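Engineer: If you read the sequence shown in the UniProt record's numbering, its first letter stands for residue 1, the second for the next number, and so on. Just so you know, even glycine gets a beta-carbon here, dropped at the ideal spot from N, CA and C. Keep in mind it's a predicted model, so treat the numbers as computed, not measured.
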Amino acid sequence: MSDELGFSTRAIHAGQEADATTGAVVPAIYQVSTYKQDGIGGFRGGYEYSRSANPTRAALEECMAALEGGSRGFAFASGLAGQDTVARALLVPGDHVVVPSDAYGGTYRYFNKVAKPQGIDHSIARIGDVEAVRAAIVPGRTKMVWVETPTNPLLGIADIEAIAEVAHDAGAVLVVDNTFATAYLQNPLALGADIVTHSTTKYSGGHSDVVGGAVVTAKEIRVPGLEDAEDRIAFHQNSIGGVAGPFDSWLTLRGLKTLAVRMERHCDNAEKVVEFLQGHDGVSQILYPGLESHPNHDVAARQMKRFGGMVSFRMTRGEDAAVKTCGTVRLWTLGESLGGVESLIEHPARMTHASVAGTELEVPGDLIRLSVGIEDVDDLIADLREALDIHG
Ligand SMILES: *Cc1c(COP(=O)(O)O)cnc(C)c1O
């Protein structure tokens with residue numbers, strides 16, 4: 001589908017033509033494992049076996065590629081299954097990866113506990129600082145720079161365009177985890193990234209009812225030796241098999257149709273929540289890229305359409321106050337994950353980021369992370385106010 005069409009037009013139509021025989025306007029859930037062949041090797045539409053390809057998954061893959069402005073999309077059973085496939089497809093023992101100091105806990109755990117024992121080591125770099133990324137590169141060995149922006153849970157911002165240049169100068173691919181921003185707010189491929197990954201579990205699915213992942217490759221990858229990244233990822237997706245099932249693909253596609261309107265509301269609500277937090281004594285610091293006080297606000301303003309629905313803040317009275325606040329709110333649901341229509345609150349140090357305690361990625365104990373949903377924002381603020389007035 002043409003890149004010139006608007007975002008929501010692509011979200012609703014890319015990969016989702018009305019069914020040729022019935023006219024159904026929504027892609028069918030092809031709950032099937034195998035396909036009748038018209039004579040040996042006579043595949044209809046290229047479908048042979050559903051690990052290799054399935055029509056519902058193919059619709060999602062085409063839609064994700066269209067939304068990110070990429071060449072090809074791949075859908076996985078989870079965000080991490082997609083990340084693992086990218087790493088296995090592009091790295092071999094002896095290679096080195098630069099990983100952000102503030103990364104999704106599972107991403108760090110993957111590089112530290114899965115990739116490293118298999119001979120792929122990494123260095124940690126403060127991703128908001130381009131020079132720190134450059135310094136972390138090991139000449140000749142760094143084959144991948146991994147970026148998350150905004151980061152989880154500290155809402156750091158990486159300059160994708162500048163880091164793409166640093167990675168490419170070193171002969172490495174730049175992979176951007178675009179889960180927090182989504183394809184609606186930010187398109188890393190247009191800024192020079194080679195590969196985009198998503199946990200579609202979050203905003204892309206958007207309704208807290210499905211776990212999934214997506215990978216999209218750039219139209220052209222010029223990194224020497226990795227020009228065939230797309231084919232390698234396709235080969236590894238089929239050879240490893242961590243694919244998205246038909247029903248999960250269908251749910252994610254349904255979520256994507258409303259991504260733009262949901263993100264606008266997430267951003268509206270987050271901005272109002274930030275405004276409220278700014279006026280409360282119990283809050284010592286607010287981490288939100290939309291604030292001019294954010295160290296990389298200018299970069300965020302340049303590369304994002306708006307600043308997203310994730311807000312983190314620190315409590316003046318420390319960890320105990322943060323833990324109690326999480327336990328006192330009623331409308332905000334205490335839970336991990338993010339990006340659904342309902343608002344979530346969590347304590348990263350003891351929940352999502354407990355696995356990085358004692359490492360370079362440890363997060364402060366007085367930190368609270370909010371995934372601001374799309375409820376009526378006055379209700380969200382009233383509930384937060386009640387808890388902060390007690391514990392702040
Ligand atoms: C959740 C998440 C992941 C992992 O995705 P899963 O779908 O849980 O496997 C990766 N990156 C970020 C930024 C995430 O929030």
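If you compare alpha carbons, which of 115, 54, 20, 12 is closest to residue 29?
Structural biologist: 54
Engineer: Under a Cβ-count criterion, where at least 16 other Cβ atoms within 10 Å of its own Cβ denotes burial, should residue 308 be classed as buried or exposed?
Structural biologist: buried
Engineer: Note down, in chain order, each residue of its chain lying with its Cβ closer than 6 Å to the Cβ of residue 149, except the 5 sequence neighbours on either side.
Structural biologist: 157, 158
Engineer: Do the CB positions of residue 338 and residue 349 come within less than 8 Å of each other?
Structural biologist: no
Engineer: Below 7 Å, is the gap between the Cβ of residue 346 and the nearest heavy atom of ligand 1?
Structural biologist: no
Engineer: What separation, rounded to the nearest whole angstrom, lies between the Cα atoms of residue 65 and residue 365?
Structural biologist: 38 Å
Engineer: What does the shell around ligand 1 hold, if a residue joins when its beta-carbon is under 6 Å from any heavy atom?
Structural biologist: 78, 79, 80, 104, 106, 107, 148, 152, 177, 179, 180, 199, 201, 202, 211, 213
Engineer: For the beta strand (DSSP E) that residue 143 lies in, which residues bound it at each end?
Structural biologist: 142-148
Engineer: I want to know whether the stretch 36-52 touches the stretch 90-100 - three or more CB-CB distances under 8 Å.
Structural biologist: Cβ pair count under 8 Å is below three, so no.
Engineer: Evaluate residue 281 with the Cβ neighbour count: other Cβ atoms within 10 Å of its Cβ, from every protein chain shown; 16 or more gives buried, anything less gives exposed.
Structural biologist: exposed
Engineer: Between residue 85 and residue 73, what straight-line distance do the alpha-carbon atoms span, to the nearest angstrom?
Structural biologist: 13 Å
Engineer: Taking all protein chains shown into account, do 16 or more other C-beta atoms lie within 10 angstroms of the C-beta of residue 2, making it buried, or fewer, making it exposed?
Structural biologist: exposed
Engineer: Any chance the stretch 111-128 sits against the stretch 138-149, with 3 or more Cβ pairs inside 8 Å?
Structural biologist: As far as the Cβ criterion goes, the stretch 111-128 touches the stretch 138-149, which means the pair count is three or higher.
Engineer: With which residues is residue 401 paired in a DSSP beta bridge?
Structural biologist: In the structure displayed, the chain extends from 1 to 392; residue 401 sits before or after that span and is not available.
Engineer: Applying the 10 Å Cβ sphere with the 16-neighbour rule, what's the burial state of residue 248?
Structural biologist: buried
Engineer: What whole-angstrom Cβ distance do residue 217 and residue 202 have, given they're in contact under 8 Å?
Structural biologist: Contact between residue 217 and residue 202 is absent: CB atoms are separated by about 21 Å, not below the 8 Å threshold.
Engineer: Nearest to residue 190 by alpha carbon, out of 103, 381, 304?
Structural biologist: 304
Engineer: For chain C, check one thing: does any of its Cβ atoms lie closer than 8 Å to the Cβ of residue 296?
Structural biologist: In the structure shown, chain C does not exist; there is a single protein chain.
Engineer: In chain order, what residues of the same chain lie with their CB nearer than 7 Å to the CB of residue 328, ignoring the 5 residues before and after it?
Structural biologist: 387, 390, 391
Engineer: Between residue 209 and residue 215, what straight-line distance do the alpha-carbon atoms span, to the nearest angstrom?
Structural biologist: 20 Å
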